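Chains as they are written, first to last, in this note's numbering: chain S, 1 to 350; chain R, 1001 to 1350.
C-beta atoms are modelled at their ideal positions from N, C-alpha and C, and glycine is treated no differently.
All of these numbers come straight from a predicted model, not from anything done at the bench.
In what follows, a single structure is set out as structure tokens and then discussed.
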């Protein structure tokens, strides 16, 4: 059934019922002129992101479920990167009238899955038809006592990341080869990724992988990081962090943003950059240096932050903040300077 | 110059500089992972709206300036309709790379004009390219001690509106005849509408109007209400109002929403419905009963609210809340029942 056969008011009513929440913070939820929230004795955090079909995503590569999940993760990641806790979501959706109801339902499943994972409530938004393609816009409201800006890094601070880099970019490279969607989604009750090994979809998929000399176990974490990224909670780092950003456009470009705002430079050590065994194996099969994906690949949504050198931090130490206004990459005893302007042409011969 | 010749980062930097605000509420504005606002000891109000080119607007009829202004007014109207004060804006814009920079600039002028009028600060958002057409998404955050829901109307309450109805719908009918944009905008310093009588654009326009037997003075308030609607501040009504909604889809449909949520009915008196002399004159020229536009025409963004009968209210009394779950329209001694389902076919022979 197509959306045009249902009507906007009926769709809105379905969404309202499905997402109705009885949170102690929400006085008025979806359905009035505006939502009403109780006052919160913390700083408010506000972030908004947009995803446009054909620009940010291609439904030949990503399922509606994954798209919904990712839209929320991307926004939650921004709230975590400020040291906050996500709370309330407003969602504007424009879809063609010819869209199958099934597509909207699976998209909302993905939104719902992510909302449960991050404890976020939907409090408003708009559903509209579009002439062509899908446009998604989300605003997320979070809160925090202590916030962490990009601009607080001090000379001598250590630089950390929260997890492996490059997996998402390698997942994207794989998708470009495979040229199809991957039926990866979360189990509703446990939020574990369903492996779907019995699924005939996966069997077809496995035979495609075999042609490339890879197995499902090799590529699953890479595809998952790209299609169902999980934002990293900054909770345990907030007390010590002097600056923070999430890695959405790649380590080097996001580190240079942090350095620019903090008016400092950085020295990073290639040997410290965390890379998964799956990245190393798969990138090699694809003919791409893994370190290139780890330094310049985007959408890992790991956190990048700095702390005073003496603090003990349970994250991966990758470098130090310096006085120089450049980023120096130390690799095998050689040094190389990175400049944000030229990052697209950046290439490491490591 | 086209947007593609400028680049996203440079555009974002320009927007950031133009809209940079030093408000005592804003700790971190545009440019970090999320904006940070100081805690407010009031209830928060959240609303979001989307405008899609070809669905909600046509740039052959509305200028980019007017579009920007209207996007903000529509959202501010939702905050006022909850009894609140608007505060902070997040804006997601998707435009084709082939859009002229001039179009974006004039759009931002309209946004800026409305932000000054309503004392709203831009604190975040996203700028993206689109494959086709423009999609605009705004989230507005407001606050209030006392909020007014749609659901508080009580039997015996009086029903009020804040101003003339039907002007905007009549303006739209005019635009459909004229089939061009009207160079109406606000004077930056005083926020008065520029009459532009010396302007050659207006001279051409005037000759088109003469063909219809109308003058610029007749149609200006109607076009203005449609193209540059001003949201009505609810400040003076908040203390007494028991329920409130803004009129975006037309008096009858929005009144029936208010009645549905309040589980009451309403009786309205046709002779009390406020209509401008310009509406009466112009609608007649266009062959449309003015009362039809006043009852069913949308986008006036006047407030519709109820108060206990004994309260003195400086607004226009149009009817009473009743026990019946229907809306009864009293006209010339006759009665007629309105049902929301059939509103599109509603027609008053008055």
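Interface with chain S (8 Å Cβ-Cβ cutoff): residue 1050/R is included.
Residue 1242/R and residue 1157/R do touch by the CB rule: their CB atoms are close to 6 Å apart, below 8 Å. When DSSP states are grouped into helix, strand and coil, residue 1147/R belongs to the coil group. Across the set 1106/R, 1033/R, 1028/R and 1079/R, the C-alpha of 1106/R shows the shortest separation from the C-alpha of residue 1062/R. Residue 1246/R is bridged by DSSP to 1303/R. Against chain R, the CB of residue 160/S has no partner CB under 8 Å away; the residue lies outside that interface.
Going by C-alpha positions, residue 278/S is about 33 Å away from residue 1126/R. For chain S, the residues of the segment 1012–1044 of chain R that bring a beta carbon within less than 7 Å of one of its beta carbons are 1027, 1028, 1032, 1033, 1034, 1035, 1036, 1037, 1038, 1039, 1040, 1041, 1042, 1043 and 1044, in chain order. For residue 86/S, the enclosing beta strand (DSSP E) begins and ends at 85–96. A direct Cα-to-Cα measurement between residue 1069/R and residue 1115/R gives close to 8 Å. In this structure, the CA atom of residue 286/S is about 13 Å from the CA atom of residue 222/S. Under the three-pair Cβ rule at 8 Å, the segment 1090–1106 of chain R does not count as touching the segment 1249–1268 of chain R. Note on residue 92/S: 16 or more other CB atoms within 10 angstroms of its CB, so buried under the neighbour-count rule.
At a cut-off of 8 Å between C-beta atoms, residue 1047/R counts as an interface residue with respect to chain S. For the segment 76–97 of chain S, the set of positions with a beta-carbon nearer than 9 Å to some beta-carbon of chain R reads 77, 78, 79, 80, 81, 82, 84, 88, 90, 91, 92, 93 and 94 in chain order. Put simply, the segment 131–140 of chain S does not touch the segment 207–226 of chain S. Fewer than three CB pairs are less than 8 Å apart.
Contact between residue 46/S and residue 1153/R does not hold, since their C-beta atoms are separated by about 33 Å, which reaches or exceeds 8 Å. Interface criterion met: the Cβ of residue 1150/R is under 8 Å from a Cβ in chain S.
Taking a C-beta cut-off of 7 Å against chain S, the contacting residues of the segment 1233–1246 of chain R are 1245 and 1246, listed in chain order. Among the residues facing chain S, residue 1126/R is included, as its CB has a counterpart in that chain under 8 Å away. Rounded to whole angstroms, the separation of the alpha carbons of residue 1049/R and residue 4/S is 20 Å. For residue 31/S, same chain residues with a beta-carbon under 6 Å away, outside a window of 5 residues either side, are 16 in chain order.
Going by C-alpha positions, residue 86/S is about 6 Å away from residue 79/S. Taking a contact to require three or more Cβ pairs closer than 8 Å, the segment 233–241 of chain S and the segment 264–281 of chain S do not qualify as touching. Residue 229/S is not a Cβ neighbour of residue 151/S, given a cutoff of 8 Å. For the C-beta of residue 1132/R, the chain S residues within less than 9 Å are, from N- to C-terminus, 54, 131, 132 and 133. Residue 1318/R is a Cβ neighbour of residue 1160/R, given a cutoff of 8 Å. In the assembly as shown, residue 1044/R is a buried residue. Its beta-carbon has 16 or more other beta-carbons within 10 Å.
Any Cβ of chain R closer than 8 Å to the Cβ of residue 137/S would place that residue at the interface, and such an atom is present. Inter-residue distance for residue 55/S and residue 1128/R is about 8 Å (C-alpha atoms, whole angstroms). For residue 57/S, there is no enclosing beta strand (DSSP E), since its DSSP letter is neither H nor E. In the structure shown, residue 22/S falls within a coil segment according to DSSP collapsed to helix, strand and coil. Here residue 302/S is near residue 232/S, since their CB atoms are less than 8 Å apart. Rounded to whole angstroms, residue 111/S and residue 171/S show a C-alpha spacing of 21 Å.
Ranked by how close their Cα comes to the Cα of residue 1217/R, the residues 1240/R, 1184/R and 1245/R have 1184/R in first place.
Neighbours of residue 1142/R across chain S, judged by C-beta separation under 8 Å: 34.
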